[in-house]
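Enquirer:
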Amino acid sequence: MTVQTVPSPALSGSEVQRLRADFPILRRQIGSGAERTPLVYLDSAATSQRPSQVLDAERRFAETSYSAVHRGAHTLAGESTDAYEAAREAVARFVGMPVDGVVWTRNATEGINILAAALTDRSDGAAGALTLRPGDEVVVTEMEHHANLVPWQRACARSGATLRWIPLGDDGRLDLGALDDVIGPRTKVLAFAHVSNVLGTINPVAELVRRARAVGALTVLDACQSVPHLPVDLTALGVDAAVFSGHKMLGPTGIGVLAARPDLLNALPPVVTGGSMVEVVTMTTATFREAPQRFEAGTPPVSQAVALHAAVDYLSAVGMDRIAAREDELAQRLLAGISAVPGVRVIGPAEPRDRIATVAFAVDDVHPHDVGQVLDAAGIAVRVGHHCAQPVHRRYGVNSTTRASAYLYTTDDEVDAFVAALGAVRGFFGRN
Amino acid sequence: MAPSGGSLEGLYQQVILDHAKEKHGHGLREPVLDAALAVGSGQSRQYNPLCGDEVTLRVAVSGLEGPIPGRRVEDLSWAGEGCSISQAATSVLYDLVVGHPVEEALRIVGDYRAMLRSRGEAEPDEEVLGDAVAFAGVSRHANRVKCAILGWTAFEDALLRTETGARDGEVR
Numbered sequence: 001m002t003v004q005t006v007p008s009p010a011l012s013g014s015e016v017q018r019l020r021a022d023f024p025i026l027r028r029q030i031g032s033g034a035e036r037t038p039l040v041y042l043d044s045a046a047t048s049q050r051p052s053q054v055l056d057a058e059r060r061f062a063e064t065s066y067s068a069v070h071r072g073a074h075t076l077a078g079e080s081t082d083a084y085e086a087a088r089e090a091v092a093r094f095v096g097m098p099v100d101g102v103v104w105t106r107n108a109t110e111g112i113n114i115l116a117a118a119l120t121d122r123s124d125g126a127a128g129a130l131t132l133r134p135g136d137e138v139v140v141t142e143m144e145h146h147a148n149l150v151p152w153q154r155a156c157a158r159s160g161a162t163l164r165w166i167p168l169g170d171d172g173r174l175d176l177g178a179l180d181d182v183i184g185p186r187t188k189v190l191a192f193a194h195v196s197n198v199l200g201t202i203n204p205v206a207e208l209v210r211r212a213r214a215v216g217a218l219t220v221l222d223a224c225q226s227v228p229h230l231p232v233d234l235t236a237l238g239v240d241a242a243v244f245s246g247h248k249m250l251g252p253t254g255i256g257v258l259a260a261r262p263d264l265l266n267a268l269p270p271v272v273t274g275g276s277m278v279e280v281v282t283m284t285t286a287t288f289r290e291a292p293q294r295f296e297a298g299t300p301p302v303s304q305a306v307a308l309h310a311a312v313d314y315l316s317a318v319g320m321d322r323i324a325a326r327e328d329e330l331a332q333r334l335l336a337g338i339s340a341v342p343g344v345r346v347i348g349p350a351e352p353r354d355r356i357a358t359v360a361f362a363v364d365d366v367h368p369h370d371v372g373q374v375l376d377a378a379g380i381a382v383r384v385g386h387h388c389a390q391p392v393h394r395r396y397g398v399n400s401t402t403r404a405s406a407y408l409y410t411t412d413d414e415v416d417a418f419v420a421a422l423g424a425v426r427g428f429f430g431r432n
Numbered sequence: 001m002a003p004s005g006g007s008l009e010g011l012y013q014q015v016i017l018d019h020a021k022e023k024h025g026h027g028l029r030e031p032v033l034d035a036a037l038a039v040g041s042g043q044s045r046q047y048n049p050l051c052g053d054e055v056t057l058r059v060a061v062s063g064l065e066g067p068i069p070g071r072r073v074e075d076l077s078w079a080g081e082g083c084s085i086s087q088a089a090t091s092v093l094y095d096l097v098v099g100h101p102v103e104e105a106l107r108i109v110g111d112y113r114a115m116l117r118s119r120g121e122a123e124p125d126e127e128v129l130g131d132a133v134a135f136a137g138v139s140r141h142a143n144r145v146k147c148a149i150l151g152w153t154a155f156e157d158a159l160l161r162t163e164t165g166a167r168d169g170e171v172r
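Respectively, the protein sequence lines represent chains A and B. For what it's worth, the working numbering labels the leading residue of the first sequence as 1, then goes sequentially. For what it's worth, the working numbering labels the leading residue of the second sequence as 1, then goes sequentially.
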């Protein structure tokens, strides 16, 4: 292991231009006739665009090797299984988890639901050591995406455990002063976002893991907004489990990852059962395989795994540290630009420290839907609404926001075009 | 689906921008329930889970003791949060139905709904729809149709509730 002492240089403007050529959709024009304008895609926090390398890998696989995995004696079955398991190894390396701890899921949401269901499963009569009980506490944060909140609400409802949360401060960051009060001996699970999908805030994982470990609680990291944008080593971070989704990191939809300590996965009961995850089945009983197959019932997303392999290869070739450095620049530019528009308020950390290039904001007297519509007329794609995080919005006194989110293919010119279009929004609706 | 870029003025007619600011009928108020006219009220709260927008609309109808043809919309008031399309649509609704027979109001709602579902194909009748024809452009934007219909759905639901005086969205 090498210790990095010199920060990696950010991707240069010409490098960004070169890699943009890999993304066919970035050549798209929006609108018709004289009003045609190039697409400015600032919605990567919702879903990212895919380079030809990813699209081609999936097609090539389908045209040459595709078949069922983990069964059959024919050539294609062997090639498909190799490709499928090679993808698992690549993703495991990419996030620093043992390969046996990488479970393919439909998406990140499913990964959290699997954990929440397994931790509340009492079907074997005697509950396991990890099973949540009345009196136990599950701790989340006030900034969670609904995907890392609602499954825990349901888990508490099933088990009698109590849901608690780390509150948000006015600065768009967690109020760490509340940790002593919220995390204690009753805490069994601490589930939290690495990076907020609304605020862009990067949470202090090391500190939170330290506090959870001190009381023997499991840590579950929602890494959906970190793995695509930052170098992430889950083992170094010390979390017990993490989830992320393929489609936010240049990969396809329909595949996500539950990455966890293999010994933890093997101590949990299976959740979705059926073929591929069993050892011996009789008419009345079944025994289950070890992780990761333990949690992969049914035909898995083979083509999607192959495409996700190509995506992590692409990201690794560019360099996650260089992507993160470039996105730091984009975060600064976005924040400076948005903050300078009169009547616009950033929801989230105002300073470009410990945050990613995802910026949510409110425009005085103009609803986010209307903001998004005016920006769309300029070819600019942003997200509007509550971004599946209603409590975050409630905390900051708004129903919904507009969110601009950048990625490695975003240019400075695109940020500037967005800021210029944003500057015209209030005038369009006659607000001064 | 029609590309949405570039047709901003087609979507945001001046009528819509004006109503979004003026908001006729905005601010929930208690209707005068005149027993001699058999006036009753109903209230409905509609919510769009996709964007979090909501509207609460209260309506007062006279002639409740008789058959529907004799009933009239006496008052309408509303509150809520939403985009300019949803706010303007509810404001226009107020202008179109208050003081009119319930049957006529329902016909207007039917025409309006048909226009919004037409994907830009309908030629709305301005005689019936009045200022609401300004929302014809919304039908080209599939993701905005819900915004334009929110308050109108609340109106239909509130009308039904006048039968029992039920108030949706209120702790009783």
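Note that beta-carbon positions come from the ideal geometry of N, C-alpha and C, so glycine has one too.
State the Cα-Cα distance for the pair Ala147 of chain A and Ala45 of chain A, rounded to the nearest angstrom.
Expert: Cα to Cα, the separation comes out at about 15 Å.
Enquirer: Assuming Val55 of chain B is part of the beta strand (DSSP E), what are its boundary residues?
Expert: Asp53 to Ser62 is the extent of the beta strand (DSSP E) around Val55 of chain B.
Enquirer: Verify whether the separation of the beta carbon atoms of Val194 of chain A and Ala324 of chain A is less than 8 Å.
Expert: What sits at residue 194 of chain A in the sequence shown is His, not Val. Not in contact: His194 of chain A and Ala324 of chain A (Cβ atoms no closer than 8 Å).
Enquirer: Leaving aside the five residues before and after Ser118 of chain B along the sequence, list all residues of the same chain whose C-beta is less than 6 Å from its C-beta, in chain order.
Expert: Result list for Ser118 of chain B: Ser139, in chain order.
Enquirer: Which two residues bound the contiguous beta strand (DSSP E) that contains Gln87 of chain B?
Expert: From DSSP, Gln87 of chain B is part of no beta strand (DSSP E) but of the alpha helix (DSSP H) over Ser84 to Val97.
Enquirer: Would you say Val92 of chain B and Asp131 of chain B are within 8 Å of each other, going by their C-beta atoms?
Expert: Yes. Within cutoff.
Enquirer: Measure the C-alpha to C-alpha separation of Leu264 of chain A and Asp240 of chain A and round it to an integer number of angstroms.
Expert: About 8 Å.
Enquirer: Where does Lys188 of chain A sit, in a helix, a strand or coil, going by DSSP?
Expert: Strand, per DSSP.
Enquirer: Given Phe428 of chain A, which residues of its chain have a CB within under 7 Å of its CB, disregarding the five upstream and five downstream residues?
Expert: The answer, listed in chain order, is Val374.
Enquirer: Assign Glu351 of chain A to one of three DSSP states: helix, strand, or coil.
Expert: Here Glu351 of chain A sits in coil by DSSP.
Enquirer: What did DSSP end up calling Ile255 of chain A once you bin it into helix, strand or coil?
Expert: Three-state result, Ile255 of chain A: coil.
Enquirer: For Gln46 of chain B, count neighbouring C-beta atoms within 10 Å of its own C-beta (all shown protein chains included) and say buried if the count is 16 or more, exposed if not.
Expert: Buried, because 16 or more other Cβ atoms sit within 10 Å of the Cβ of Gln46 of chain B.
Enquirer: List the endpoints of the continuous beta strand (DSSP E) containing Asn48 of chain B.
Expert: Counting along the chain, the beta strand (DSSP E) containing Asn48 of chain B begins and ends at Gly40 to Asn48.
Enquirer: State yes or no: is the beta carbon of Glu81 of chain B nearer than 8 Å to at least one beta carbon in chain A?
Expert: Answer yes: the Cβ-Cβ gap between Glu81 of chain B and chain A drops below 8 Å somewhere.
Enquirer: Under 7 Å between beta-carbons, which chain A residues line up against Lys21 of chain B? List them in chain order, please.
Expert: Simply Gly430.
Enquirer: Identify each residue in the region 390-402 of chain A for which the Cβ-Cβ distance to at least one residue of chain B is less than 7 Å, and report them in chain order.
Expert: For the region 390-402 of chain A, which is checked against every Cβ of chain B, the residues closer than 7 Å are Gln390, Asn399 and Ser400.
Enquirer: Does any C-beta atom of chain B lie closer than 8 Å to the C-beta of Ala377 of chain A?
Expert: Judged by the 8 Å Cβ criterion, Ala377 of chain A is in contact with chain B.
Enquirer: For His369 of chain A, go through chain B and note every residue whose CB falls closer than 9 Å to its CB, in chain order.
Expert: Those are Cys51, Asp53, Gly82, Cys83, Ser84, Ile85, Ser86, Asn143, Arg144 and Cys147, listed as they occur along chain B.
Enquirer: Would you call the CB atoms of Ile183 of chain A and Ala155 of chain A closer than 8 Å?
Expert: In this structure, Ala155 of chain A does not lie closer than 8 Å to Ile183 of chain A by Cβ.
Enquirer: If you drop the 5 nearest sequence neighbours on each side, which residues of the same chain put their C-beta closer than 6 Å to that of Pro31 of chain B?
Expert: Cβ neighbours of Pro31 of chain B beyond the five flanking positions: Ser41, Ala60 and Asp75.
Enquirer: Examine chain B for any beta-carbon lying closer than 8 Å to the beta-carbon of Val374 of chain A, and answer yes or no.
Expert: It does; some Cβ of chain B falls within 8 Å.
Enquirer: Residues of the region 72-86 of chain A in Cβ contact with chain B at a cutoff of 7 Å, in chain order, please.
Expert: Within the region 72-86 of chain A, no residue has a Cβ that lies closer than 7 Å to any Cβ of chain B.
Enquirer: Which runs of the alpha helix (DSSP H), 4 residues or longer, sit entirely within the region 43-82 of chain A?
Expert: With a minimum length of 4 residues, the continuous alpha helix (DSSP H) runs that stay inside the region 43-82 of chain A are 52-64.
Enquirer: From the DSSP output, read off the bridge partner residues of Leu168 of chain A.
Expert: Its beta-bridge partners are A:Leu174.
Enquirer: If you follow the beta strand (DSSP E) that Glu137 of chain A is part of, which residue opens it and which one closes it?
Expert: Its beta strand (DSSP E) spans residues Glu137 to Thr141.
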